[in-house]
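Read top to bottom, the protein sequences are chains A and B. Residue numbers for the first sequence follow the working numbering, beginning at 194 and rising by one. Residue numbers for the second sequence follow the working numbering, beginning at 14 and rising by one.
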Amino acid sequence: MLNGYKIKARFDNIGGLKVKAAVTMAGVRIGRVSDITFDTGKYQAVVTMDVDGRYKTLPTDTSATILTAGLLGEQYVGLEPGAEEEYLKEGDTIRLTQSAIVLEKLIGQFVTSFAAGESKSK
Amino acid sequence: MRRIAVTLGVMWALGVAAAWAATAPDVLVRENTDEILKRIKTNKDAYAKDKKKLYAMVDELVLPHFDFRAMAKLVLAQAWREATEDQRARFTAEFRDLLVRTYSTALLKYNNEEMIYLPYRGPLDDRTAVVKVEVKPAAGGPNIPLEYSFYLKDKDAPWKVYDVKIDGISLVTNYRSTYADKIRNRGLEALISGLAADNKAGKTDQPLGPKSGARRDARAAE
C-alpha cells in the first residue's frame, strides 16, 4: 500500500478475523489486516492494520469493531471516526474496540435464558 | 542552602506520593462495587420508594470515577467537532442523567448475584487499563462479563472510566452509532432536546446486556 501506515487495536475475541481481511470506514475499504498476534500477558488479540496512505486523518478516538459481511460471511474490521482533531499515526493503538460477536456464545445464552424462562413459568 | 535542599526534598517526596496516590483501577472497581452492593442490600426498599436517594448514592460512589465529558465526546464523535461549547455542555449533562437513571434502576434489580473479579494484569499501556468483572446470574447460565475501560488524562490524574462493555457490547460505540443516525436525520439540537424531554419525563433507556439471566430472574422474583 502506497505510503501506508500501521495502527493497532486490541480485542478480547476476534472471531474468525484473518490476516488480509478488509479494514473499512463508512463501508469503504481503506486498508487491510496485516498481522494478528496474541498478547500472552493480557490474553488479548492484537490486530495490526495497514491503512492506505491516502487516509491520514483518522481521529485518535476512532473506534474499531469486528463485523461480519452478511449473516455468516467473512469478518472484517469496521472503523468509525471519533471527535479528536489529532490523527492516528504509525504505531498508534485504537482504544475503543468492540470484539466479534460469537454466534455460539449467543446461542448458548439464548438456550440458557430460554431454559431459565421455562423453569420459572412452570 | 541546606533549607532549600530540604524543602526541595520534601516537595519531591510529596510529588512522588501524589503520583502514587492514584488508586489502581482494579481496587477502585472492587471497593466501589462492594460498597454499592452493600448499600443496595440494606436500603433496597428505601431506594425503590425514593429514587432521589438512589441517585444520591450513585452520585457519591459512581460518578466521581466516570469521565462523562470524555464519554460524551466519544459518543458524539464527528458531531462533537461541529457542536458549540453550549451544546457540548448540555449534551454531556443530559447524557449523564440518562445513563444514571437507566443503570441505577437496573441496580435495584440486584438480587444477591455473585460478583467475580477476574485477575487484573496491570495497565495496557501508561494511559489505559481494563478491569474485568463477571456477574453470576442467580438463574444459572453463562456469567455476564462486564468490562470497565479506564484512562489517565495526565500523569497525576486519577483513573477514570471512559467506556463500559456489558456482555461484550461497548456502551460508547453502541451509542455512537445510534446517535450518529439520529443526528444525521434530525440534527444535534433535536437529539439534545429529545434527551432532555426523556430525562424530565423520567424515561429510561433499555440497559445494555442480555435480556436473560440476572434480569429475567429479578423480574420473576418481583
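We put the CB at the ideal spot given by N, CA and C, even for glycine. Remember, it's a predicted structure, so these values are computed and weren't measured experimentally.
Can you round the beta-carbon distance between residue i and residue j to whole angstroms, since I take them to be within the 8 Å contact cut?
i	j	result
A:Arg225	A:Lys213	6 Å
B:Asp39	B:Leu111	Not quite, the Cβ-Cβ distance comes to about 28 Å (not below 8 Å), so this is no contact.
A:Asp228	A:Thr241	4 Å
A:Ile287	A:Ser256	7 Å
B:Tyr192	B:Tyr175	Their Cβ separation, rounded to whole angstroms, is 16 Å, which puts B:Tyr192 and B:Tyr175 out of contact at 8 Å.
B:Thr90	A:Ala238	The sequence given here places Ala at residue 90 of chain B; Thr does not occur at that position. Wrong, their Cβ atoms sit about 24 Å apart, outside the cutoff.
B:Ser190	A:Glu273	7 Å
B:Leu137	B:Val144	That pair is no contact at about 11 Å.
Counting contacts by CB-CB distance shorter than 9 Å, is residue i in contact with chain A?
i	result
B:Val144	no
B:Tyr192	no
B:Thr55	no
B:Pro155	yes
B:Asp176	yes
B:Ile196	no
B:Val185	yes
B:Ile205	no
B:Tyr164	yes
B:Gly181	yes
B:Ser225	With a pLDDT of only 38 at B:Ser225, under 50, the local geometry of the prediction cannot be trusted, and no value is derived from it.
B:Trp172	no
B:Thr97	no
B:Ala31	Its pLDDT being 45, under 50, B:Ala31 is placed unreliably by the model, and nothing is read from it.
B:Glu235	Low local confidence applies: a pLDDT of 34 at B:Glu235 is under 50, so the model's placement there is unreliable, with the coordinate-based value given in what follows. So, not an interface residue.
B:Thr141	yes
B:Glu160	yes
B:Asp39	no
B:Asp138	yes
B:Arg103	no
B:Arg94	yes
B:Arg52	no
Determine, using beta carbons only, whether residue i comes closer than 9 Å to chain B.
i	result
A:Lys235	yes
A:Thr261	no
A:Ala202	no
A:Thr290	yes
A:Lys199	no
A:Lys315	In this prediction, A:Lys315 scores a pLDDT of 42, lower than 50, which makes its location untrustworthy; the coordinate-derived value is nonetheless stated afterwards. False, the Cβ-Cβ gap to chain B never drops below 9 Å.
A:Ser227	no
A:Thr230	no
A:Gly301	yes
A:Ile294	yes
A:Lys298	yes
A:Thr258	yes
When the distance is taken between beta carbons, is residue j closer than 9 Å to residue i?
i	j	result
B:Tyr123	B:Val42	no
A:Val244	A:Ile259	no
B:Pro171	B:His78	yes
A:Ala293	A:Asn206	yes
A:Tyr236	B:Arg134	yes
B:Lys64	B:Ser117	yes
A:Gly208	A:Gln268	yes
A:Leu195	A:Met218	no
B:Met128	B:Thr46	yes
B:Leu201	B:Glu107	no
B:Lys54	B:Asn125	yes
B:Ile49	B:Leu121	no
A:Gly284	A:Gly246	no
A:Tyr298	B:Pro155	Checking the sequence shown, residue 298 of chain A turns out to be Lys, not Tyr. Result yes, Cβ atoms of A:Lys298 and B:Pro155 sit closer than 9 Å.
B:Ile205	B:Arg103	yes
B:Val113	B:Val71	yes
B:Ala85	B:Thr115	no
A:Leu281	A:Ile223	no
A:Gln291	B:Gly181	yes
B:Lys173	B:Asp80	yes
B:Lys269	B:Ala203	Since the first residue shown for chain B is 14 and the last is 235, residue 269 of chain B is missing from the structure and cannot be characterised.
B:Ala35	B:Asp169	yes
Is there a Cβ of chain C sitting closer than 9 Å to that of residue i, yes or no?
i	result
B:Thr217	Although the question refers to chain C, the structure presented lacks it and instead comprises the protein chains A and B.
(request) Could you pull out every unbroken alpha helix (DSSP H) segment of at least 4 residues lying fully inside the stretch 105–177 of chain B, listed in chain order? (result) none
(message) Residues of the stretch 105–135 of chain B in Cβ contact with chain A at a cutoff of 9 Å, in chain order, please.
(response) Those would be Arg134 and Gly135, in chain order.
(message) Give me the subset of the stretch 80–91 of chain B whose CB atoms are less than 8 Å from a CB atom of chain A, sorted by chain position.
(response) Lys86, Leu87, Leu89, Ala90 and Gln91
(message) In chain order, what are the residue ranges of uninterrupted alpha helix (DSSP H) at least 4 long that sit wholly in the stretch 61–95 of chain B?
(response) 64–74, 81–89 and 91–95
(message) Which runs of the alpha helix (DSSP H) at least 4 residues long sit entirely within the stretch 260–314 of chain A? Give them in chain order.
(response) 296–314
(message) Can you pull out the residues from the stretch 269–285 of chain A whose beta carbon lies closer than 9 Å to at least one beta carbon of chain B?
(response) Glu273, Pro274, Gly275, Ala276, Glu277 and Glu278
(request) Output, in sequence order along the chain, the residues in the stretch 238–254 of chain A whose CB is closer than 7 Å to any CB in chain B. (result) Asp254
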